[in-house]
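Residue numbers (the numbering used here), protein chains in the order written: chain S, 1 to 345; chain B, 346 to 1001. Idealized CB from N, CA, C, for every residue including glycine. Fair warning: this is a prediction, and the values are worked out from it, not measured in the lab. What follows is a set of notes on a single structure, which appears directly below.
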């Protein structure tokens, strides 16, 4: 088990590194840069642009920029090829590199530490993602069970058709629509934000949370009901279920003790997958609902070409993804003793 | 066993996830919202230059007449060009041009329509102060306001980045900074657009016009009760003028040779040579920071200097009470504000909303007191019972154009092609249809609201026949509805616009495409996300023939110089316009304070540029703002409505 985890960790670490390399390259290839926005400002001349480019270290080659992002610039030769202008004029401002857990400083937020910028927005994102997850489990699981038990009958069709229908429209668009109808016309939910200015009580926060979380849950809701229906049907056809029934066990006991327990396995994987999905979906939902989380930060930093923040979000997202999947693996071991990790025969 | 195989795929799935994220990131750019405009203009948006008193007949004159014959404007020309000094027209380094639109636009709304015509007024912007004169304020700044109370709920689509004026250039930050920092030794008079004393009680200009001395008001206090002195100004200047401190507009102070505090209340600024907008620029460049608080902190590092993101001691009308990033900011009245005491409204909140539509909905439902008004929802807004729409023609308006690539190798390099394109588009109809009456035509580089405006330039009224004739001169033949070049190929042009989220720009692009189709020209339209658009239009190696652009005009016409100088290719001068004569005339106009002479020069420039048609000039826009009826005391002028924000008050009976 331990060996397996170590093995996987190393493998994933390598993947993450590869990911950063690719992401960094792609970001750098995108047109524009952090100081592109001075281009149409008649009060900032070419001299200003050059000075800032030097100060931010954006005049260095991309490979040097990546290398210093990864390993820091404080130990590199003290010259403009290796160090940013900031670092040369004030050694305290030298980056220490991601390998020493220094995510650097934001360009857009004028020198704020990237990690502070992100941590400030984490609670909002996690609140929304968890709320969505809970709603999708509460909605999706019963639906899946219900559909499986009524397989081929009307309720099953209704569930299937309606989930397909809901899936044909982008969920963020649905969210926008609901926002305009429920918030704009009917005034039932607030139009934006996480709390009313000057309020912020639990009730107020729940009121702001309900619509974004519900819309965010649609994906999981559909996903869960499908997975569960499929797995339930598979298990229902197993011999031991027939045996259980033949034994004369109550249908309820059969379903709960024998079918559901076995059908739930893949569901656990799905769960973490959905959570990751909720995190990445946050980019859209947070934008639509003006939710002050990491997703919106991501949009802001992409628009502003704020490389340090983009990269940090990427690394954190990737890390959480890997961690989530690893946890699932381990959970399997507990839920289903048949699963063995050691590859030794 | 099956499960294990499944598990083994997990790393692959992880890798795919990571890749997908990277791709989403890359594409994300395309799908995202319009960024805040790159440049903001301060005077309009900022509450720092509020002011209610029409101090138009400046004390300037009294002082001046005794000394020289000089008080009024015309005198200057007769005398020495060099010593005449013009107070009025100067404008502000920071209030520059902007290529943007909706985002900058103040919203607007309402049932009773309040429109301010400023065309005549800007004519007045030319009071001349002369070298050797002293100007003293006659404004009463000590009588307090009297309508205290209430809360104003503002909305904005972009949050501030920081309260550090010398690090930011975005409009969101500028709005926040205006709440807490008082800047400006002088300010623009809201009626005459003259520069009048503000934080300085008086100022004088030396005989040679190169030394400016400002005498500060002695009653000004920081919010902690400490006096605001010349040393605060001097200290602030020393900080941002240090190249290591990353002030983005450092080049704007190149002409300043020294900035000194002579005593607690006297500031002396020297410049290297006569420069027309000098007075405006030297008086506006320092927004003092409290030296007694900031002195021991790092000027630019928010990690060690908490004052940058949560200033505890301020000079503006409001103090920051709470700021939650991407959510809201709450400001509370500063009891120690120097300008007529505390503002009327107790609490000022700014909520961040995702887009203009939501902002409008919030205003409509009464959740906020203000909201943006697009030409499309203007009619509805005027009918809203709880909302008043204020409208005005701003002194610094945004104008739009189609830039034509003048580089060799592009069809638009040929002046006849540029003329043909100008004739082929019905610019009047386009303006009416797209802007729904919320804009007027512009024919050269200054709108009608500028004092340098030249009404007598070629305007290329819509005339398809003349267009075809012009193309014929360039060697094209119009045949079977197609404009063919010498090789018999149809003329095809590429038009760029950005940001791709702008509906207004999309409408313009499609109209241009339609009009040019009528004369047989194929137009390929490409919409880009903002940063990509900036890069595409600021490259030495462009792949486009035309792009849609916009500038915010400036009160002093001279600031436009950079856009037309060869040095600014390809950044500001994206079309690569090169005319050394124009540059020489600009130089000449900038080296004097003689307004009449300058006007003549700028008019000459307008004629030359209109004739050469580097742009197809489209229109300049009216500004609008919607305000809840409970907000009283709003008086739109050419400076907009923000200039007297501290005098606004809340009608108690109507409070909901």
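Find out if the Cβ-Cβ distance for the pair residue i, residue j is shorter than 7 Å.
{"i": "residue 31 (chain S)", "j": "residue 877 (chain B)", "result": "yes"}
{"i": "residue 964 (chain B)", "j": "residue 776 (chain B)", "result": "yes"}
{"i": "residue 348 (chain S)", "j": "residue 8 (chain S)", "result": "This structure leaves residue 348 (chain S) out entirely; chain S is present only between 1 and 345."}
{"i": "residue 680 (chain B)", "j": "residue 687 (chain B)", "result": "yes"}
{"i": "residue 1048 (chain B)", "j": "residue 526 (chain B)", "result": "Because residue 1048 (chain B) is not part of the residues shown, which for chain B are 346 to 1001, the question remains open."}
{"i": "residue 879 (chain B)", "j": "residue 853 (chain B)", "result": "no"}
{"i": "residue 23 (chain S)", "j": "residue 319 (chain S)", "result": "no"}
{"i": "residue 821 (chain B)", "j": "residue 830 (chain B)", "result": "yes"}
{"i": "residue 674 (chain B)", "j": "residue 759 (chain B)", "result": "no"}
{"i": "residue 881 (chain B)", "j": "residue 840 (chain B)", "result": "no"}
{"i": "residue 797 (chain B)", "j": "residue 538 (chain B)", "result": "no"}
{"i": "residue 606 (chain B)", "j": "residue 579 (chain B)", "result": "yes"}
{"i": "residue 769 (chain B)", "j": "residue 860 (chain B)", "result": "yes"}
{"i": "residue 549 (chain B)", "j": "residue 602 (chain B)", "result": "no"}
{"i": "residue 511 (chain B)", "j": "residue 592 (chain B)", "result": "yes"}
From the DSSP output, which residues share a beta bridge with residue i?
{"i": "residue 977 (chain B)", "result": "B:994"}
{"i": "residue 319 (chain S)", "result": "In DSSP, residue 319 (chain S) forms no bridge with anything."}
{"i": "residue 971 (chain B)", "result": "B:716, B:734"}
{"i": "residue 481 (chain B)", "result": "B:547"}
{"i": "residue 603 (chain B)", "result": "B:615"}
{"i": "residue 559 (chain B)", "result": "B:548, B:612"}
{"i": "residue 837 (chain B)", "result": "B:867"}
{"i": "residue 499 (chain B)", "result": "B:695"}
{"i": "residue 533 (chain B)", "result": "B:540"}
{"i": "residue 740 (chain B)", "result": "Per DSSP, none; premise fails for residue 740 (chain B)."}
{"i": "residue 827 (chain B)", "result": "B:824"}
Could you tell me the boundaries of the alpha helix (DSSP H) in which residue i lies?
{"i": "residue 982 (chain B)", "result": "Here residue 982 (chain B) belongs to no alpha helix (DSSP H), and DSSP marks it neither H nor E."}
{"i": "residue 140 (chain S)", "result": "114-149"}
{"i": "residue 178 (chain S)", "result": "171-178"}
{"i": "residue 93 (chain S)", "result": "Note, residue 93 (chain S): premise wrong, no alpha helix (DSSP H); not H, not E."}
{"i": "residue 598 (chain B)", "result": "Here residue 598 (chain B) belongs to no alpha helix (DSSP H), and DSSP marks it neither H nor E."}
{"i": "residue 19 (chain S)", "result": "2-29"}
{"i": "residue 256 (chain S)", "result": "From DSSP, residue 256 (chain S) is part of no alpha helix (DSSP H); its letter is neither H nor E."}
{"i": "residue 764 (chain B)", "result": "760-769"}
{"i": "residue 35 (chain S)", "result": "That residue, residue 35 (chain S), is in no alpha helix (DSSP H); it is neither H nor E in DSSP."}
{"i": "residue 926 (chain B)", "result": "925-935"}
{"i": "residue 55 (chain S)", "result": "46-56"}
{"i": "residue 154 (chain S)", "result": "154-168"}
Return the chain-ordered list of same chain residues with a C-beta closer than 7 Å to the C-beta of residue i, the five sequence neighbours on each side being excluded.
{"i": "residue 208 (chain S)", "result": "190, 193, 194, 195"}
{"i": "residue 599 (chain B)", "result": "none"}
{"i": "residue 151 (chain S)", "result": "233"}
{"i": "residue 52 (chain S)", "result": "35"}
{"i": "residue 467 (chain B)", "result": "Its pLDDT being 40, under 50, residue 467 (chain B) is placed unreliably by the model, and the measurement read from it follows with that caveat. The residues are 538, 740, 794, 795, 796, 983."}
{"i": "residue 788 (chain B)", "result": "802, 804, 955, 962"}
Where do the N-terminal and C-terminal ends of the beta strand (DSSP E) with residue i fall, by residue?
{"i": "residue 190 (chain S)", "result": "Premise fails: residue 190 (chain S) is in no beta strand (DSSP E) and is neither H nor E."}
{"i": "residue 748 (chain B)", "result": "743-749"}
{"i": "residue 542 (chain B)", "result": "540-542"}
{"i": "residue 823 (chain B)", "result": "822-824"}
{"i": "residue 961 (chain B)", "result": "960-966"}
{"i": "residue 786 (chain B)", "result": "784-786"}
Using C-beta distances below 6 Å, list every residue in its chain close to residue i, excluding the 5 sequence neighbours before and after it, in chain order.
{"i": "residue 643 (chain B)", "result": "649, 650"}
{"i": "residue 684 (chain B)", "result": "486"}
{"i": "residue 6 (chain S)", "result": "none"}
{"i": "residue 628 (chain B)", "result": "530, 531"}
Give me, in chain order, the residues of the same chain whose beta-carbon lies closer than 8 Å to that of residue i; leave out the 5 immediate sequence neighbours on both sides.
{"i": "residue 80 (chain S)", "result": "54, 59, 60, 88"}
### Query
In chain order, which continuous runs of the alpha helix (DSSP H) of length 4 or greater are located wholly inside the region 615-688 of chain B?
Qualifying alpha helix (DSSP H) stretches, in chain order: 623-629, 636-639.
### Query
Quick one: complete beta strand (DSSP E) runs, 3+ long, within the region 228-253 of chain S?
Counting only runs of 3 or more, we get nothing.
### Task
Would you list, in sequence order, the uninterrupted alpha helix (DSSP H) runs of no fewer than 4 residues that lie entirely inside the region 849-913 of chain B?
With a minimum length of 4 residues, the continuous alpha helix (DSSP H) runs that stay inside the region 849-913 of chain B are 875-882, 906-909.
### Task
With a floor of 4 residues, list each alpha helix (DSSP H) that falls wholly inside the region 264-313 of chain S, ordered by position along the chain.
Within the region 264-313 of chain S, the complete alpha helix (DSSP H) runs of at least 4 residues are 294-303.
### Message
For a minimum of 4 consecutive residues, which ranges assigned as the alpha helix (DSSP H) are wholly contained in the region 561-590 of chain B?
### Response
Taken in chain order, the unbroken stretches of alpha helix (DSSP H) that lie wholly in the region 561-590 of chain B and span 4 residues or more are 575-585.
### Query
Using Cβ-Cβ distances below 7 Å, what residues of the region 699-711 of chain B are close to chain A?
No chain A appears in the structure shown, which is made up of the protein chains S and B.
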